[in-house]
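The structure under discussion appears below in the form of structure tokens.
2 protein chains.
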Amino acid sequence: MSCQDRGLLYGDGLFETLLVVDGAPRRWRQHMQRLKEGCSRLGIGGVEEAKLRADAEALCTNKARAVLKIVITRGAGGRGYRPSAQSDPTRIVQIHPYPEYSSQYWSRGVKVRVCQHRLGANPALAGIKHLNRLEQVLARSEWDEPDVAEGLMLDSGENVVEGTMTNVFVVKNKRLYTPDLTSCGVKGIVRDGVIDIAENLGVSSAETELSLDDVRQADEIFLTNSLIGIWPVMQLERCTYGPGLITQQVAEKLAPWNNGWIS
Amino acid sequence: MSCQDRGLLYGDGLFETLLVVDGAPRRWRQHMQRLKEGCSRLGIGGVEEAKLRADAEALCTNKARAVLKIVITRGAGGRGYRPSAQSDPTRIVQIHPYPEYSSQYWSRGVKVRVCQHRLGANPALAGIKHLNRLEQVLARSEWDEPDVAEGLMLDSGENVVEGTMTNVFVVKNKRLYTPDLTSCGVKGIVRDGVIDIAENLGVSSAETELSLDDVRQADEIFLTNSLIGIWPVMQLERCTYGPGLITQQVAEKLAPWNNGWIS
């Protein structure tokens, strides 16, 4: 890759991380939709989905279970921070091994901590999966304990926003809540899927402000992302949580949705 | 450069932009000091100044006037956002032509606008020159007018923080003020130099909150960075400013300080 690429120089781009199962990336359409939304927000034109799909198909063949990573940058050029008027984006498509997570993360749940690093408010960048990820890097650097799977990140108003690599849901009195992401955070593909599933299950859900205490006092907590689907939270610092009925119902509905190129 | 480099994937790194005059980069020691502070804040170890200096010397030879760019990233490796325990940073040193700025930017001053994009608060990242620069890219994308040299960026509290590529100073009643940068913004090398110069001139200076109206109502406004030194502001949207005495005094003192490898 060029050392003049704006992806390197400014983090001027976007990425997607897709689950690959049985030779095919999952939730392709949804990932492409978020990528396009990100390109539109950053003003990056000229990304060709057909080329991404051809790259993806070639890389995913014969992969039973893997991770497909797509990076789009604004490419080289422009003067300083100012982008060039002509868009010539860089396309990077990589295949990686699926991470070695304990199967108990799904069956029993995970231990979670609370990160010290606070997310800055940035409505113009909220929701999209851009390449400016130092906040997540700093938050993920806060702990070494191998049995702590994730850390919750708060905003400057002390509301919970997300995990370093996951979205967060809580169940309280049989209702589902997830943090509002208009000021910061990444809108996960599975996050959207869970909201749809809840509706189909007749479980009311809301995107709202959630304090750390709201999360601690929840009946159930679970985490989502494209690679893991759903991990129940069994421990948040000193608080413990048993297996949750709604978490289980949502996870069961999510499982078949994982199959095939959904497009 | 590797497509696995964390500089590309997460903006996980730092940069410095140095003025080169008569075959030598200026203010080397100060740039290295900020780079080290940035590495310390991000937990990037193993950067060798001697190698950077050797690269710089080789690139700068025979350059009458140019721009030296240094990029340090955390390198490849680690699992997701989590950095690897072993630090193996990437070192990139580039030489670029000096930008073609009109000489009137120094002699008469520049026109400046106010950007719509607001800077997010991020104390852990404030001050250092890290690679997460989407905010500056978005702000600099807001205008095309070739006669507008810079845009002021405000925080979510509507206080002025900096320009997209410069620091901001104002003079009011013969005192010098510049925005406090504890929540966001980059601490420029020339910004520090100007504060020292003001002290030597007997001009009191303060790092403080400055509203847009404070800036508009100032007697003098000027911008600083390592490449330009000082540009007076002659116009901020509808407000105009004449040549400023303190701006001129500071600029005169800054000029000789530009000479030689200061180390």
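Protein sequence lines correspond, in order, to chains A and B. The first sequence lines up with residues 14 to 276 when you count with this note's numbering. The second sequence lines up with residues 14 to 276 when you count with this note's numbering. Cβ coordinates follow ideal geometry from the N, Cα and C atoms, glycine included. Note that the coordinates shown come from a computational prediction; the quantities given were computed from them, not determined experimentally.
Take residue i as the anchor and find which of the options has the nearest alpha-carbon.
i	options	result
Leu144 (chain B)	B:Tyr23, B:Ile234, B:Asp18, B:Glu62	B:Tyr23
Glu61 (chain B)	B:Val184, B:Asp157, B:Arg104, B:Ser53	B:Arg104
Asp25 (chain B)	B:Gly201, B:Val174, B:Gly56	B:Gly56
Val228 (chain A)	A:Gly122, A:Phe182, A:Val207	A:Phe182
Arg54 (chain A)	A:Val174, A:Ala67, A:Ile141, A:Phe28	A:Ile141
Pro38 (chain B)	B:Gly93, B:Glu148, B:Leu240	B:Leu240
Val246 (chain A)	A:Arg47, A:Val125, A:Val80, A:Arg42	A:Val125
Val216 (chain A)	A:Asn186, A:Glu222, A:Ser224	A:Asn186
Gly36 (chain A)	A:Arg78, A:Arg92, A:Pro96, A:Val173	A:Arg78
Ser15 (chain A)	B:Val106, B:Tyr114, B:Arg92	B:Val106
Asn172 (chain A)	A:Asp226, A:Ile208, A:Arg146	A:Asp226
Val127 (chain B)	B:Gly93, B:Tyr114, B:Ser224, B:Glu265	B:Ser224
Gly88 (chain B)	B:Leu27, B:Val184, B:Ser196, B:Ala162	B:Leu27
Kindly indicate which three-state DSSP category residue i falls into: helix, strand or coil?
i	result
Glu250 (chain A)	coil
Phe28 (chain B)	strand
Ser97 (chain A)	coil
Ser15 (chain A)	coil
Asp226 (chain A)	helix
Gln106 (chain A)	Reading the sequence as shown, one finds Val at residue 106 (chain A) and not Gln. Here Val106 (chain A) sits in strand by DSSP.
Glu175 (chain A)	strand
Asp160 (chain A)	coil
Thr260 (chain A)	helix
Glu284 (chain B)	The first residue shown for chain B is 14 and the last is 276, placing residue 284 (chain B) beyond what the model contains.
Lys124 (chain A)	strand
Ala79 (chain A)	strand
Gly51 (chain B)	helix
Glu289 (chain B)	This structure cannot settle anything about residue 289 (chain B), because the visible part of chain B is limited to 14 through 276.
Trp274 (chain A)	Any reading at Trp274 (chain A) is ruled out, since the residue's pLDDT is 45, under 50, leaving its predicted position unreliable.
Gly8 (chain B)	The requested residue 8 (chain B) is not part of the displayed model; chain B covers only 14 to 276.
Ala297 (chain B)	Shown here, chain B extends from 14 to 276; a query on residue 297 (chain B) therefore has no answer.
Asp68 (chain B)	helix
Asn148 (chain B)	One detail in the question is off: residue 148 (chain B) reads as Glu in this sequence, not Asn. Three-state DSSP puts Glu148 (chain B) in a helix.
Tyr111 (chain B)	coil
Using only the alpha-carbon positions, how far apart do residue i and residue j sit?
i	j	result
Asp101 (chain B)	Arg153 (chain A)	18 Å
Asp160 (chain B)	Met45 (chain A)	38 Å
Arg40 (chain B)	Gly201 (chain B)	11 Å
Met178 (chain A)	Leu72 (chain A)	24 Å
Cys252 (chain B)	His130 (chain B)	21 Å
Gln117 (chain B)	Met166 (chain B)	23 Å
Leu151 (chain A)	Gly176 (chain A)	13 Å
Leu236 (chain B)	Lys64 (chain B)	32 Å
Thr86 (chain A)	Asp68 (chain A)	16 Å
Ile108 (chain A)	Gly90 (chain B)	15 Å
Gly273 (chain A)	Leu267 (chain A)	Residue placement at Gly273 (chain A) is flagged as unreliable, the pLDDT there being 43, under the threshold of 50; the coordinate-derived value follows with that caveat. About 13 Å.
Leu189 (chain A)	Ser218 (chain A)	4 Å
Val123 (chain A)	Leu32 (chain A)	20 Å
Pro192 (chain A)	Cys52 (chain B)	32 Å
Asn213 (chain A)	Gly206 (chain A)	11 Å
Arg204 (chain B)	Gly198 (chain B)	12 Å
Leu249 (chain A)	Ser169 (chain B)	31 Å
Gln43 (chain B)	Glu29 (chain B)	10 Å
Ala134 (chain A)	Lys76 (chain B)	42 Å
Ser276 (chain A)	Gln17 (chain A)	Residue confidence for Ser276 (chain A) is low, a pLDDT of 35 falling below 50, so the modelled location carries little weight; the figure read from the coordinates is stated next. Straight-line Cα distance between these residues: approximately 35 Å.
Pro110 (chain B)	Ile83 (chain B)	14 Å
Arg66 (chain A)	Leu81 (chain A)	11 Å
Gln262 (chain B)	Gly164 (chain B)	24 Å
Gln230 (chain A)	Thr74 (chain A)	45 Å
Glu148 (chain A)	Leu194 (chain A)	16 Å
Leu21 (chain A)	Gly20 (chain B)	5 Å
Asp157 (chain B)	Arg95 (chain A)	9 Å
Residue i versus chain E: which residues are under 8 Å apart at the beta carbon?
i	result
Cys16 (chain B)	Among the protein chains in the structure shown, which are A and B, there is no chain E.
Look up residue i in the DSSP assignment and give the residues it is bridged to.
i	result
Thr237 (chain A)	A:Asn180, A:Ile243
His44 (chain A)	His44 (chain A) is not bridged to any residue.
Asp168 (chain A)	A:Leu132
Thr86 (chain B)	B:Gly26, B:Thr103
Arg92 (chain B)	B:Arg95
Leu34 (chain B)	Note that residue 34 (chain B) corresponds to Val in the displayed sequence, not to Leu. The partner list for Val34 (chain B) (beta bridge, DSSP) reads B:Ala37, B:Arg78.
Glu220 (chain A)	A:Thr191
Gly140 (chain A)	A:Val199
Along the chain, which unbroken stretches of the alpha helix (DSSP H) at least 4 residues long are found entirely within the segment 183-217 of chain A?
Secondary structure within the segment 183-217 of chain A: the alpha helix (DSSP H) runs of 4 or more consecutive residues, fully enclosed, are 202-214 (chain order).
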